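Take a look at the structure set out below.
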Amino acid sequence: MVARLHFARLIGIVYCLLLSPLASAEEVDGLYDTAVKVDSQSSQDLTRATREGLSTVLVRVSGNAELVQQPAIKSAIKNASQYIKQFRYEKRPRLIASEPANVEGEQLYAVIEFEPKLIDATLREAGLPLWSSNRPTVLLWVVVAEGNKRRFANADTDPDLLQAIAANAERRGLAVKLPTLDLEDMVAVSTDQLWQLNHPRANAAVERYQTDTVLLGRVTRLTNGEWLGSWRYSYAGQTIRFDAEATSANDYIAVAVDEVAERLAQQYAIAPVNIADNGVLMRLSGINDFTAYARAISYLESVAAIRHANVVSVEADEIIVRLIADGLLAQLEQSFALDKRIQPQVLSSYQGDYTIALDYAWPAP
């Protein structure tokens, strides 16, 4: 990839997480699946595709692109076939965005599904973080300049750009939303306003689209085929700006997607370090019947940071659960806040015999 990234200074606080909790999160499907281009169904091509696919999945699940340099991960990639759950071959249209018809024959892919438990275990054993499939959504606005005109990126005029957004979001496991660019959007913000990368109405659109973060981009398509532009990303109470240039739409978008993925993973991926040797205790109220009990335990054990959820007490409509979990207590609370399945309660109201670190309520049916 021919691309360069130049970081500017941190430019300010735009949101306060304590006052403005995350709007929503999205379950990202297929984190452990990948489709890799192959020339044939030969064993050599499958081996190459499996290694490439496993590398992509490991980065996607951890959120850390640098992990492929670690010896343990290099060894895993070398033995990638051991991680295969199942695979198949598919022929898909070969999209050439620069061609009028956009389609030129078919491309063969090896579609590989890897075993999630083996992937997670490998990352944990290497001391690397795990980023759950419940991920913050990113609202992405892009303005394109060509000649002396500016426009919002759209499928009619910029299919290569939108294909690049979709492909790179899938590569890194990002939940990306694009504005519909309907009348409400057009009235709210113009291309010239968004070109400044600092329009409050573009940021305010998170409420309409129920997203958690905002990525604003501007790009110039040069006559020599190069892409040159800047990005502004607002997340976790901070805003950063960075510039990028590349020789293709895919490489240009990859710069921004990689930057966003790395920063979100730094915030939400959980390192495999136990919160406490004996776990932490949670009180979970609102458990009125066996169905609620079963669903609550199933939910807790589905949280990526939690290895085990063991019930130690049942009384009236509440249970006390010992959580054996990775990461920091604040990260576990952040995971609960992101998916909004359980609601935090006032910890000081608990008068029982246990030392409770977390106090939550299960929602009523």
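Residues -25 to -1, 1 to 340 in mature numbering (1 follows the signal peptide of the UniProt record, and there is no 0) are what the sequence shown lists, from first letter to last. Using N, Cα and C, we set each Cβ at its ideal position, and we do this for glycine too. Small disclaimer: the values here were computed from a predicted structure and weren't measured.
Residue i in three-state terms, based on DSSP
i	result
N143	helix
D135	helix
V189	strand
A(-1)	strand
I331	coil
N109	strand
I165	It should be noted that the sequence gives Ser, not Ile, for residue 165. The answer is coil: DSSP assigns S165 none of H, G, I, E or B.
Q171	coil
G200	coil
A(-23)	The pLDDT assigned to A(-23) is 44, lower than 50, so where the model puts this residue is not dependable; a value taken from the coordinates is nonetheless given after this. Residue state, collapsed to three classes: strand.
I262	coil
D314	helix
residue 425	No answer is possible for residue 425: it lies beyond the span of the chain, which begins at -25 and ends at 340.
S50	helix
Q213	strand
D8	strand
S277	helix
Y64	strand
L239	helix
L303	coil
T22	helix
P340	coil
G80	strand
Of the listed residues the options, nearest to residue i (C-alpha basis)
i	options	result
E182	L197, A163, T195	A163
R35	Y335, S260, L239, L303	L239
S205	Y184, Q185, G212, E234	E234
F217	I281, S56, V230, D226	V230
S273	E237, D226, W337	W337
L190	L169, L203, W202	L169
P91	A279, Q185, D226	A279
I245	E121, D95, Q185	D95
residue 342	Q44, Q45, V43, P104	Nothing about residue 342 can be read from this structure; the chain reaches only from -25 to 340.
S165	G122, F265, Y268, R193	R193
Y335	H283, I228, A271	A271
P154	A269, G212, Q185	Q185
I228	R196, T214, Q241	R196
T214	Q44, N253, L203, L172	L172
E290	I281, R282, D264	D264
residue 342	D160, Q241, G122	With the chain running from -25 to 340 in the structure shown, residue 342 is simply not present.
Residue environment, residue i, which counts as buried when at least 16 other CB atoms sit within 10 Å
i	result
R63	exposed
N285	exposed
Y329	exposed
D131	exposed
A51	buried
S18	exposed
A156	First, the residue type needs correcting, since residue 156 is Leu and not Ala in the sequence shown. L156 is exposed by the Cβ-count criterion.
T112	buried
L114	buried
R176	exposed
V321	exposed
T22	exposed
A180	buried
E276	exposed
E220	buried
H174	buried
A24	buried
Beta carbon proximity, residue i to chain D, threshold 8 Å
i	result
S223	Included in the structure is just one protein chain, with no chain D present.
Cut-off 8 Å between Cβ atoms - residues of its own chain near residue i, not counting five sequence neighbours on either side
i	result
F89	Y7, D8, T9, G28, L29, V32, Y58, I59, K60
Q82	K12, K66, R67, P68, R69
residue 414	This structure gives no information on residue 414, because the portion of the chain shown stretches from -25 to 340.
E293	R258, L259, S260, G261, I262
R26	I52, K53, A55
A47	T97, E100, A101
L(-4)	Model confidence at L(-4) stands at a pLDDT of 43, short of 50, so the residue's coordinates are unreliable and nothing is read from them.
A76	Only weak support exists for where A76 lies, its pLDDT of 43 falling under 50; the value from the coordinates is given anyway. Excluding positions up to five away in sequence, the list is empty.
V43	S30, L33, V34, K49, I52
L304	I250, V255, A332, L333
Cut-off 7 Å between Cβ atoms - residues of its own chain near residue i, not counting five sequence neighbours on either side
i	result
K315	none
Q16	Y64
A142	N225
A144	V151, V232
Close beta carbons around residue i, own chain, < 6 Å, minus the five adjacent residues each side
i	result
S108	E2, V3, L6
G148	V3, L6, R35
V255	L298, A332
A128	V117, V119, L136
S288	I295
Y268	I262
L93	Y58
8 Å contact criterion, which residue i and residue j should meet: CB distance rounded
i	j	result
Q309	Y243	7 Å
E237	A(-1)	Their Cβ separation, rounded to whole angstroms, is 18 Å, which puts E237 and A(-1) out of contact at 8 Å.
S209	N178	6 Å
P340	D301	No, P340 and D301 are not in contact; Cβ-Cβ is about 31 Å, not under 8 Å.
residue 347	W106	With the chain covering only -25 through 340, there is no way to say anything about residue 347.
D167	R125	7 Å
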